[in-house]
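Those protein sequences? They're chains A and B, same order as listed.
Counted from 1, the first sequence has number 133 at position 134 by numbering that gives the first Met the number 0; the numbering is strictly sequential.
Counted from 1, the second sequence has number 247 at position 248 by numbering that gives the first Met the number 0; the numbering is strictly sequential.
Here a beta-carbon is modelled for each residue, glycine too, at the ideal position from N, C-alpha and C.
All remarks here apply to the structure that follows.
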Amino acid sequence: MTIGIPRAFLYYKYHILWETFFDELGINYVVSPETNKDIIERGLRHSIDESCLSSKIFMGHVDYLIDKCDYIFVPRMQYLGNDKETVCTKFQAIYDVINNIYREQNLNILYYSIDIHNKDTELKAFLKMGKFLGKNKAQVLRAYYIAKQAEKTDKMLAINNQKLLLERNDKLKILLMAHPYNIYDEFIGKPIVNYLEELDCIPIYGCVVDEKKALDKAKEFTKTMPWTFNKELVGALNLYHNDVDGIILISSFPCGPDSLVNDMIIRKYQGKPIINLTLDAEEGTAGLETRIESFVDIIKLRKKNHVHE
Amino acid sequence: MNNIKVNFPRWASYNVAVEHLIRDGLDCEYVYGPPITKRTLELGSKYAPDYVCTPFKYNLGSYIEAIENGANTLIQIGGACRLNYYGEVHEQILKDLGYNVKFVNMANAKLAKPLTFYDEFKKINPNLNLAKITQATLVAVKMVDYLDKIEDYIRENVGFEVVEGSFDNLHKEFLEDLRHVKDKKELNVIYKLYLRKFKNLEINKPKNPLKVGIIGEYYTIMDDYSNHFIEKELAKKGIIVKRWMNLSNSIFHNEKEEEVKKKIRKYAKFNMGATAMFTIQKAIEYAKDGCDGLIHLKSFGCTPEIDTMPVLQRISEDYKIPIIYFSFDTQTSDVGINTRIEAFYDMMMMRKEKVK
């Protein structure tokens, strides 16, 4: 049996957890390749036109995997904490969306569901999934805890590496405020990261952050924002902004949460230079280069003037 | 009298109930924004984030117009989608525009702790009286219920009115009379009176008229300006309109989540967010109930409703019932809508002929 893991959406936040879990249980899996033209086209073909670019990309990865595995892995989540600690409704609906779009193909979907309001914790969700995979409770528990440890270690390493970058003063440091599935995606975020590096800047990732600390910091920014992932980013802005030279907000068109949150950041945040970039399938990153280049030029100029003062 | 002048954005017919709550429950003046017009949307679009959903823009425009009418205290509510964050952003935008108003955001309150709503009401008028606000809330809730019942009747019958405009005129009178209601007793009298009046309006209903079920996004489906008066367009063609989604049904008369899930199990395993479950449930119900077509309404980019579309497509295939999707943004034109309704009407007619 082989599990197909779409390299999109939650993959970027949870892939260490998932891959270690499956490895420990001895389950085969295949991850779809980096987003490419074929995947984008598949995604566009199978999505409702108005869906956000990131979800179209997810759809493309699912479509790519269909004849290459026995089960497609589509976890869903709703409430990640008490009260209104939630995620974009896309992540609540994704399992059923895939199921309906591919009804004729009779897809086998492997999933787990997290919903704290229904007491479905991550642990419980993984136990259920493990049972579905035919493993006993002890095996699943062991795999889950090893996977959690691996996840924790990976995060810690990434945060520590970034800390070193934040201490550097030889180059401009640009904070990238974007969901992991956007900033690490070959089509959406990578071109921006590469271009910044070409311009001799150090990219700093808002999504590489101690999540608990970030969520706590976010309280200074908002009382009613319901989306955990956005709150983590807003908290990261608070934690990192002193150590960077500029901030780029990146979202995929027409992301529901980002449509409001990024506007709010532009309105409320005062300090470092900041721009807001929105990507859609037609334009991609073309045209963005000029904006990024002039943004970096302005920062350089300001810095120079500042030194002269 | 204090100088607190309260407004809640224009939304369907519900502002009369908000007015009652503010006036009789909080002892404050209620200020209406003017009815929504093109200007409302233009104002909202000008200052709102580009690709936020349209209700946000309507609300923002409506706030600005209410401020122009003298409002100094604005209310927003919370919800299960972007709506929950509306208030914070509205407040910030209005502040950035230089308006000096008090903003009371019910999204701060927690449904699980009803007293937190009391705390929010207190922000509107610190001298409020718990007994009074409770009383007025009960009347306002009942008023919404009656409004919805009357409008259900209108949707079933207005397409067959003998005197053009008779339903619309009576509806306006009804709303005006609701504004002066003082207590539950008066409310009951008004409701019964108008129910009778509506039932006495002459109609000429054919034996087997076309019937459509409307489903979709919370704000747009209920607010007639936002959906370009689509129900009126359908009525003009002599179509019965079924629409379960309204304020009272969605809050007070809905089934438990587990029950809904059972009914839609064939199509959806999980809660797909916001009111998507109801959209699916009602689509199935209308299809089974012999509706001739389904109409799905939403504002552009409404994620939970976009995600119901693949499901609705399946329901349409399984029950062989035609469906048409409308997505409203600031650029939507009446002409485009009417042409599509025309074509949909023809399709439903042909299907009906065939079934005969």
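Could you tell me whether the Cβ of residue i comes closer than 7 Å to any Cβ of chain B?
| i | result |
| --- | --- |
| V61/A | no |
| I309/A | In the structure as shown, chain A begins at 0 and stops at 308. Residue 309/A is therefore absent and cannot be evaluated. |
| T223/A | yes |
| D144/A | The identity of residue 144/A in the sequence shown is Tyr, whereas the question assumes Asp. With 7 Å as the cut-off, Y144/A does not count as an interface residue toward chain B. |
| Y180/A | no |
| P253/A | yes |
| D279/A | no |
| V96/A | yes |
Below 6 Å CB to CB, which residues in the same chain sit around residue i once its five sequence neighbours on both sides are set aside?
| i | result |
| --- | --- |
| C77/B | Looking at the sequence provided, one finds Gly at residue 77/B rather than Cys. Hits under 6 Å: N83, M105 and A106. |
| K101/B | T72 |
| D242/A | L165 |
| A142/A | F20, E23 and L24 |
| Y218/B | P54 |
| I336/B | H227 |
Check whether the Cβ atoms of residue i and residue j sit closer than 7 Å, and answer yes or no.
| i | j | result |
| --- | --- | --- |
| V207/A | I246/A | no |
| Y63/A | I38/A | yes |
| L9/A | A146/A | no |
| A135/B | D23/B | yes |
| E18/B | Y29/B | yes |
| E304/B | G215/B | yes |
| P190/A | T289/A | no |
| M271/B | D306/B | yes |
| Q280/B | K260/B | no |
| D95/A | F269/B | yes |
| G32/B | S12/B | no |
| V61/A | I93/A | no |
| V88/B | M76/A | no |
| V138/B | L186/B | yes |
| E232/B | I92/B | no |
| Y224/B | I63/B | no |
| Y98/B | I66/B | yes |
Compare the C-beta of residue i with all C-beta atoms of chain A and state if any pair is closer than 7 Å.
| i | result |
| --- | --- |
| M276/B | no |
| Q75/B | no |
| Y84/B | yes |
| R81/B | yes |
| D118/B | no |
| V100/B | no |
| N230/B | In the sequence on display, residue 230/B carries Glu and not Asn. No, E230/B does not count as interfacial toward chain A. |
| A106/B | yes |
| E87/B | yes |
| Q91/B | yes |
| D95/B | yes |
Across which residues does DSSP place residue i in a beta bridge pair?
| i | result |
| --- | --- |
| R6/A | In DSSP, R6/A forms no bridge with anything. |
| G60/B | Answer by DSSP bridge pairing: none, since G60/B is not bridged. |
| P324/A | There is simply no residue 324/A to check, as chain A begins at 0 and stops at 308 in what is shown. |
| R75/A | S112/A |
| K101/B | T72/B |
| D325/A | The shown model of chain A, from 0 to 308, leaves out residue 325/A, and the question about it has no answer. |
| L276/A | I249/A |
| G215/B | L296/B |
| L20/B | In the DSSP output, where bridge partners are listed per residue, L20/B has none listed. |
| K260/B | Its beta-bridge partners do not exist; DSSP assigns none. |
Residues in its own chain within less than 7 Å of residue i by CB, not counting five upstream and five downstream?
| i | result |
| --- | --- |
| H170/B | I153 |
| N275/A | L248, N261 and I265 |
| D209/A | I158 |
| E292/A | L198 |
| L238/A | V208, K212, A213 and K216 |
For residue i, collect the residues of the same chain with a Cβ closer than 8 Å to its Cβ; drop the 5 residues on either side in sequence, then sort them by chain order.
| i | result |
| --- | --- |
| L109/A | I2, Y70, I71, F72, V73, M128, F131 and L132 |
| W226/A | T85, V86, C87, P256 and V260 |
| N124/B | N1, I3, L25, D26 and C27 |
| G237/B | G158, F159, P205, P208 and L209 |
Next on the checklist: Tell me which residues of the stretch 69 to 92 of chain A have at least one Cβ-Cβ distance to chain B shorter than 7 Å, keeping chain order.
Outcome noted: R75, Q77, D82, K83, C87, T88, K89, Q91 and A92
Checklist entry - Listed in chain order, which residues of the stretch 24 to 40 of chain B have Cβ atoms closer than 8 Å to some Cβ of chain A? => result none
Checklist entry - Along the stretch 33 to 57 of chain A, what residues have a CB closer than 8 Å to any CB found in chain B? => result I47, E49, S50 and C51
Item to check | Residues within the stretch 256 to 273 of chain A neighbouring chain B, beta-carbon criterion of under 8 Å | outcome: P256, S258, L259, V260, N261, D262, M263, R266 and K267
Checklist entry - the stretch 298 to 319 of chain B: which residues have C-beta closer than 7 Å to a C-beta of chain A, in chain order? => result F299, G300, T302, P303, I305, D306, M308, P309, V310 and R313
Checklist entry - In chain order, what residues of the stretch 110 to 143 of chain A put their CB closer than 7 Å to some CB of chain B? => result S112
Next on the checklist: Counting only Cβ-Cβ distances shorter than 8 Å, please list the residues of the stretch 271 to 295 of chain B near chain A, keeping chain order.
Outcome noted: M271, G272, A273 and A275
Next on the checklist: By the 9 Å beta-carbon criterion, what residues does the stretch 147 to 162 of chain B contribute toward chain A?
Outcome noted: none
Next on the checklist: Residues of the stretch 239 to 269 of chain B in Cβ contact with chain A at a cutoff of 8 Å, in chain order, please.
Outcome noted: Y266, A267, K268 and F269
Checklist entry - Got a sec: which bits of the stretch 47 to 76 of chain B sit with their beta carbon under 7 Å from any beta carbon on chain A, in order along the chain? => result P48, Y50 and V51
Checklist entry - Given a limit of 8 Å on CB to CB distance, which residues of the stretch 160 to 186 of chain B reach chain A? => result none
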